[in-house]
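Numbering (UniProt numbering), first residue to last: 1 to 166.
Structure representation (structure tokens):
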């Protein structure tokens with residue numbers, strides 16, 4: 001099966017893509033033959049936003065490791081430290097899911113298309129949601145207790161509004 005999978009080659013004049021094109025939404029996929037009437041292209045806000053939030057997640061994990069090594073985590077409030085632990089645990093599982101669905105395409109010799117990235121994209125979108133939720137919770141935890149509910153609910157409403165209206 002692996003041999004026949006690797007022997008799949010593109011047809012004459014067919015547009016294919018490379019795995020590094022997919023996360024940055026560099027090239028889409030033609031579905032309508034020679035006249036190029038139907039073209040699949042991802043939403044740049046989703047693709048680039050998820051990429052930036054993946055980078056933010058990795059930076060937060062690195063900062064957490066640095067803070068743990070330096071002993072700064074003991075000085076954090078228990079509320080913030082517990083949320084950071086849940087965030088990194090959940091986010092790491094989603095990042096592993098994204099990597100397991102994306103990185104194997106670099107090893108494949110077969111023809112590759114844009115739609116092969118969609119399972120990995122689902123994990124990337126879930127990681128983006130977890131990262132946004134943690135960012136809102138972290139900013140909320142830093143506020144005065146009287147402002148916390150107002151800020152949290154307003155932030156969630158803004159994110160939902162942007163998601164629905166866009």
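Glycine included, each C-beta is placed from N, C-alpha and C at the ideal position.
Query, Result
"Give me the Cβ distance between residue 90 and residue 60, rounded to the nearest whole Å; I'm assuming they're in contact under 8 angstroms.", "Not quite, the Cβ-Cβ distance comes to about 12 angstroms (not below 8 angstroms), so this is no contact."
"Where does residue 111 sit, in a helix, a strand or coil, going by DSSP?", "coil"
"Quick check for students: name the residue ranges of the alpha helix (DSSP H) that lie wholly in the segment 38 to 122, counting only runs of 4 or more.", "44 to 70, 78 to 102"
"On the three-pair Cβ rule with 8 angstroms, is the segment 140 to 160 touching the segment 109 to 121?", "no"
"Within 10 angstroms of the Cβ of residue 39, are there 16 or more other Cβ atoms? Answer buried if so, exposed if not.", "exposed"
"Just reading off the alpha helix (DSSP H) that residue 26 is part of, what are its end residues?", "Residue 26 -> no alpha helix (DSSP H), and no H or E assigned at all."
"Give the single residue among 76, 41, 86 whose Cα lies nearest to the Cα of residue 133.", "86"
"Taking its Cβ as the centre, do 16 or more other Cβ atoms sit within 10 Å of residue 17, making it buried, or is it exposed?", "buried"
"When we look at the beta-carbon of residue 104 and count the other beta-carbons within 10 Å, is it buried (16 or more) or exposed?", "exposed"
"Quick one: is residue 32 buried, meaning 16 or more other Cβ sit within 10 Å of its Cβ, or exposed?", "exposed"
"By a C-beta neighbour count over all protein chains shown, 10 Å radius and 16 as the cutoff for buried, is residue 167 buried or exposed?", "Residue 167 is absent from the model: the chain starts at 1 and stops at 166."
"What separation, rounded to the nearest whole angstrom, lies between the Cα atoms of residue 154 and residue 35?", "47 angstroms"
"So residue 98 packs on residue 120, CB below 8 angstroms; how close in whole Å?", "5 angstroms"
"Less than 7 angstroms between the C-beta atoms of residue 128 and residue 50, yes or no?", "yes"
"Name the residue from 125, 138, 139, 137 whose alpha carbon lies nearest to the alpha carbon of residue 45.", "125"
"CB-CB under 6 angstroms to residue 106, same chain, minus the five flanking residues each way: which ones, in chain order?", "19"
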